[in-house]
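A.B. asks:
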Amino acid sequence: MSEPRQPDPEAEREVDFRSAWTRITARWWLPVAGLVIGALVGVLVVGGGGGGLYEAKTLLYIGQPFAPNGGGQIQSLATNPKTASEIIRSQSAIKRAAAAAGLRPGQLRGKVTSQAIVSPGSASRNLSPLLEITVQSSDAAKAERAAASLASSVVAPVSVYVDRKIALLHEQIKADNEGLEAANSRIQGALAQQKQALDEKSLNLADRILIQSNANSVLQFFEGRVSNLRQDRAAARQLLSLAEEVERSRIVEAPSSVRTTATSSRNVAVIGGLIGLLLGALAAAVADPFLQRRNARSKA
-17 MSEPRQPDPE AEREVDFRSA WTRITARWWL PVAGLVIGAL VGVLVVGGGG
33 GGLYEAKTLL YIGQPFAPNG GGQIQSLATN PKTASEIIRS QSAIKRAAAA
83 AGLRPGQLRG KVTSQAIVSP GSASRNLSPL LEITVQSSDA AKAERAAASL
133 ASSVVAPVSV YVDRKIALLH EQIKADNEGL EAANSRIQGA LAQQKQALDE
183 KSLNLADRIL IQSNANSVLQ FFEGRVSNLR QDRAAARQLL SLAEEVERSR
233 IVEAPSSVRT TATSSRNVAV IGGLIGLLLG ALAAAVADPF LQRRNARSKA
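In our numbering, the protein residues as written are -17 to 282.
#1: Which residue or residues does DSSP assign as beta-bridge partners of residue 38?
#2: Would a C-beta distance cut-off of 8 Å place residue 148 and residue 129 closer than the cut-off?
#3: So, is residue 87 buried or exposed, given that buried needs 16 or more other C-beta atoms within 10 angstroms?
#4: When DSSP labels each residue in this structure, what does residue 231 get in the three-state scheme?
#5: Leaving out the 5 sequence neighbours to the left and right, which residues in its chain are closer than 8 Å to residue 224 when beta-carbon positions are compared?
#6: With DSSP as the reference, please indicate the residues paired to residue 43 in a beta bridge.
#7: Going by DSSP in three states, residue 94 sits in which element: helix, strand or coil?
#8: For residue 257 and residue 239, what's the separation of their Cα atoms in angstroms?
#9: Does the region 120 to 127 come close enough to the region 187 to 195 that 3 or more CB-CB pairs lie under 8 Å?
#10: Figure out for me which residue from 126, 1, 156 has the closest Cα to the Cα of residue 35.
#11: Given a cut-off of 8 Å, decide if residue 155 and residue 222 are closer than it, judged by their beta-carbon atoms.
#12: Beta-carbon within less than 7 Å of residue 93's beta-carbon, same chain only, minus the 5 sequence neighbours each way: which residues are those?
#13: Which residue comes first and which comes last in the alpha helix (DSSP H) that contains residue 50?
#14: Quick one: is residue 42 buried, meaning 16 or more other Cβ sit within 10 Å of its Cβ, or exposed?
#15: Going along the chain, which residues of its own chain have a beta-carbon closer than 7 Å to the beta-carbon of residue 15, five neighbours each way excluded?
#16: Which first and last residues belong to the alpha helix (DSSP H) in which residue 161 is found?
#17: Hey, is the region 73 to 92 in contact with the region 161 to 173, meaning 3+ C-beta pairs nearer than 8 Å?
#18: Can you pull the DSSP bridge partners for residue 55?
#19: Kindly indicate the opening and closing residues of the alpha helix (DSSP H) around residue 291.
#20: Compare the C-beta of residue 138 against all C-beta atoms of chain C and say whether one is closer than 8 Å.
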């Protein structure tokens, strides 16, 4: 007597898959409707504020410090490409920015980025003196205050050398101005002495010649000094302009926030569409068995 044949699991599974596919294709509009509805729901969720954020961006000029007399560029914090990124991610800078913005430090961690601004195709990306700092927050004003604080945290330490240089140049220009004032005063005194000697009729010729000679010596010396002081002041003013406009770090554009989204609408639409497609396919696959079971119950 032969043994009864065992059912083939693979054949049964193939039949089930074919049956499910047949049911799905018969109700093809359900997966299509699920795809469309899922994509629309995803876009509406993002557009309605789901994941909405504000990005505050500020543009910094890091500066390019030169040698004291305007020579070549020197190595400093401003020339290190890692300086700004390390500062804005430091605990102290994050705490200061959080306090200024009215946030907790944890709300800023991971929400701060920096990027060097370079011309297209430039190879020296790490040496760019322009830096953009970006802060993300759910509040526009808080994002701007945090970005401003972080920008100040970068500007202060990288400008120490240049700020001292600017202070010394101001002192030098002040000293030159005072020297010019004193020299001009002596020149005016010598000219007055010459005029007095010419107008004084009681002086003999020898005394007049002596006074004129002394006055001429004073005029020659202080006129030369005036020329030197003017040249020195002009050079100091040029160095001051170089230090303030080129060497010194500063905020080029104040922080300004724009609304953004944590997840792009395109990605959300794709994800929502896939979920809707799967749910629609599932509904199409179980629709016939569900309806058959319900009809059987109603007849019973």
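A virtual CB, placed ideally from N, CA and C, is assigned to each residue, including glycine.
If you're wondering where the values come from, they're calculated on a predicted model, not measured in any experiment.
C.D. replies: So, from the data block:
#1: As a first step, residue 38 is located in the sequence shown; it is residue number 56 there, counting from the start. The partner list for residue 38 (beta bridge, DSSP) reads 117, 239.
#2: Here the question's residue 148 lines up with position 166 in the sequence shown. Here the question's residue 129 lines up with position 147 in the sequence shown. No.
#3: Translated into the one-based positions of the sequence shown, residue 87 becomes position 105. Classification of residue 87: exposed, given that the 10 Å Cβ count is below 16.
#4: Numbered from 1 along the sequence shown, position 249 holds the residue referred to as residue 231. Looking at residue 231 - three-state DSSP - the assignment turns out to be coil, as it is neither helix nor strand.
#5: Sequence index remark: in the sequence shown, residue 224 carries index 242 (1-based). These residues qualify, in order along the chain: 48, 52.
#6: Here residue 43 is taken as the residue at index 61 of the sequence shown, counted from 1. In DSSP, residue 43 forms a bridge with 112, 232.
#7: The residue you call residue 94 lines up with position 112 of the sequence shown. Residue 94 falls in the strand class under three-state DSSP.
#8: If you number the sequence shown from 1, residue 257 lands on position 275. If you number the sequence shown from 1, residue 239 lands on position 257. Cα to Cα, the separation comes out at about 34 Å.
#9: In this structure the region 187 to 195 does not touch the region 120 to 127; the number of beta carbon pairs closer than 8 Å is below three.
#10: Stepping through the sequence shown from its first residue, residue 35 is reached at position 53. Checking every option, the nearest Cα to that of residue 35 belongs to 126.
#11: Here the question's residue 222 lines up with position 240 in the sequence shown. Here the question's residue 155 lines up with position 173 in the sequence shown. In this structure, residue 155 lies closer than 8 Å to residue 222 by Cβ.
#12: Position 111 of the sequence shown, counting from 1, holds the residue named residue 93. Cβ within range, chain order: 117, 118, 119.
#13: In the sequence shown, residue 50 corresponds to position 68, counting from 1. Annotation for residue 50: no alpha helix (DSSP H) segment contains it, and DSSP assigns it neither H nor E.
#14: Position 60 of the sequence shown, counted from the start, is the residue given in the question as residue 42. When all chains shown are included, residue 42 counts as buried.
#15: Locating residue 15 in the sequence shown gives position 33, where the first residue counts as 1. 262, listed in sequence order.
#16: Reading the sequence shown from its first residue, position 179 is the one you call residue 161. It spans 142 to 181 - the alpha helix (DSSP H) in which residue 161 sits, taken as one unbroken run.
#17: no
#18: Within the sequence shown, numbered from 1, the residue matching residue 55 stands at position 73. DSSP, once it has assigned bridges, lists 48 as partnering residue 55.
#19: The requested residue 291 does not occur in the structure, where the chain is confined to residues -17 to 282.
#20: Given the protein chain composition of this structure (a single chain), no chain C is represented.
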